Amino acid sequence: MKPNWIGVYPAVTTKFFEDETLDLKTFSYNIDEQIKAGVHGIIICGSLGENSTLTYTEKLELLTAARETIADRVPLIIGIAENITRMAVSFVKEAAGAGADGFMLLPPMRYPSDERETLHYMHTVADATDLPVMIYNNPVAYKTLVTIPMFKDLAQNAHFESMKESTGDIRYMTDIINELGNRFKILSGVDDMALESLLMGADGWIAGLVDAFPRETVVIYELAKQGRIEEAREIYRWFYPLLHLDVSTKFVQNIKLAEVATGLGTEYVRQPRLPLIGEEREHVLKVINDSLAKRPVLPQI
Numbered sequence: 001m002k003p004n005w006i007g008v009y010p011a012v013t014t015k016f017f018e019d020e021t022l023d024l025k026t027f028s029y030n031i032d033e034q035i036k037a038g039v040h041g042i043i044i045c046g047s048l049g050e051n052s053t054l055t056y057t058e059k060l061e062l063l064t065a066a067r068e069t070i071a072d073r074v075p076l077i078i079g080i081a082e083n084i085t086r087m088a089v090s091f092v093k094e095a096a097g098a099g100a101d102g103f104m105l106l107p108p109m110r111y112p113s114d115e116r117e118t119l120h121y122m123h124t125v126a127d128a129t130d131l132p133v134m135i136y137n138n139p140v141a142y143k144t145l146v147t148i149p150m151f152k153d154l155a156q157n158a159h160f161e162s163m164k165e166s167t168g169d170i171r172y173m174t175d176i177i178n179e180l181g182n183r184f185k186i187l188s189g190v191d192d193m194a195l196e197s198l199l200m201g202a203d204g205w206i207a208g209l210v211d212a213f214p215r216e217t218v219v220i221y222e223l224a225k226q227g228r229i230e231e232a233r234e235i236y237r238w239f240y241p242l243l244h245l246d247v248s249t250k251f252v253q254n255i256k257l258a259e260v261a262t263g264l265g266t267e268y269v270r271q272p273r274l275p276l277i278g279e280e281r282e283h284v285l286k287v288i289n290d291s292l293a294k295r296p297v298l299p300q301i
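Here it is, written out as structure tokens:
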């Protein structure tokens with residue numbers, strides 16, 4: 001199913017057992033619950049999906065499991081986060097054959113490439129497939145900023161259809177729209193800036209806390225698009241302490257704890273990540289439990 005890059009696209013977590021092997025049953029269960037809640041697409045093997053700790057084979061296992069679960073109900077996007085260009089090219093070819101509907105492409109990992117290198121990498125990987133590609137712009141985490149001149153260059157390549165905007169600067173999105181119009185679909189990639197981004201013209205929301213709170217996330221999006229701003233803002237303000245958990249170096253652990261609290265996952269992570277302990281864990285659990293105690297009744301949409 002071809003993605004239209006509009007709506008809520010959960011960046012789903014990768015589920016593990018305690019011994020760090022893949023828990024495909026829980027992984028598939030969460031994806032199914034996301035779709036039942038009304039999301040518009042699924043993204044696997046992103047940053048929240050612990051892409052950097054997964055083997056090539058495991059990524060394809062997750063893709064196969066997700067494909068079987070989704071069964072063409074929504075588009076399936078897989079993250080590409082590789083260190084070597086030829087490995088990224090090989091992977092997009094294999095993933096396309098295994099059922100991916102599109103790709104979320106990060107700049108080269110580990111090596112902070114310059115503008116020429118970043119563009120060469122992105123064009124080379126995108127040109128290796130006929131599937132559509134979303135550019136993931138997250139200089140805060142990955143130290144490589146895709147600038148507006150770079151987006152203008154990438155706009156000449158029809159494979160690039162959308163962008164995940166994760167600079168953390170709401171002004172940047174407006175600059176992009178002013179410079180490039182509607183050439184790219186824009187999806188907000190920062191949970192606690194999502195409503196602001198939607199109101200300023202974003203087409204969708206690549207969400208993290210949606211993994212634990214799928215229906216609330218979808219309702220906020222739908223209310224915003226319907227112009228029911230007061231209702232969207234009320235739910236968003238309730239959600240906000242939880243959404244802050246996405247903007248942290250421990251965002252994977254945080255969101256997995258939230259998934260446990262809502263019955264949608266486990267907290268097992270893969271090393272070098274470790275489960276939260278002590279005051280850090282207690283703080284996150286307090287945020288989650290305080291929010292659950294005040295969980296709102298959602299309006300009809």
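Taking our numbering, the leading residue of the sequence shown gets 1, the next gets one more, and so forth. Cβ coordinates follow ideal geometry from the N, Cα and C atoms, glycine included. The structure displayed is predicted, hence computed values, not measured ones.
Subject >> Range covered by the alpha helix (DSSP H) that runs through I288 >> reply: Its alpha helix (DSSP H) spans residues 278-293.
**OP:** Specify whether the region 127-137 and the region 153-164 touch according to this definition: at least 3 beta carbon pairs, one from each stretch, less than 8 Å apart.
**Re:** yes
Subject >> Span of the beta strand (DSSP E), counted from its first residue to its last, around W205 >> reply: 204-207
**OP:** Give the DSSP-derived three-state secondary structure of S166 in the structure shown.
**Re:** coil
Subject >> Residue environment, S197, which counts as buried when at least 16 other CB atoms sit within 10 Å >> reply: buried
**OP:** Determine the closest residue to T64 out of I84, I43, G99, with distance taken between C-alpha atoms.
**Re:** G99
**OP:** Answer with buried or exposed for A293, where buried requires no fewer than 16 other C-beta atoms within 10 angstroms of its C-beta.
**Re:** exposed
Subject >> For L76, the three-state DSSP class (helix, strand or coil) >> reply: strand
**OP:** Report yes or no: do the region 52-72 and the region 85-96 share at least 3 C-beta pairs separated by less than 8 Å?
**Re:** yes
Original post:
Can you name the start and end residues of the alpha helix (DSSP H) that Y221 belongs to?
Top reply: 214-225
Subject >> Simplified DSSP state of L187, which is helix, strand or coil >> reply: strand
Subject >> Check: H244 C-beta below 7 Å from any heavy atom of the ligand NAP >> reply: Because no ligand of any kind appears in the structure shown, any question about the ligand NAP cannot be addressed here.
Original post:
By DSSP, does E33 sit in helix, in strand, or in coil?
Top reply: Reduced to three states, the DSSP call for E33 is helix.
Original post:
Taking the C-alpha atoms as reference points, what is the distance between K164 and I43?
Top reply: 12 Å
**OP:** Can you check the region 34-66 for any beta strand (DSSP E) of at least 3 residues that lies completely inside it and give the ranges in chain order?
**Re:** 42-44
Original post:
CB-CB under 6 Å to A212, same chain, minus the five flanking residues each way: which ones, in chain order?
Top reply: So the qualifying residues of the chain are A258, E259, T262, L264.
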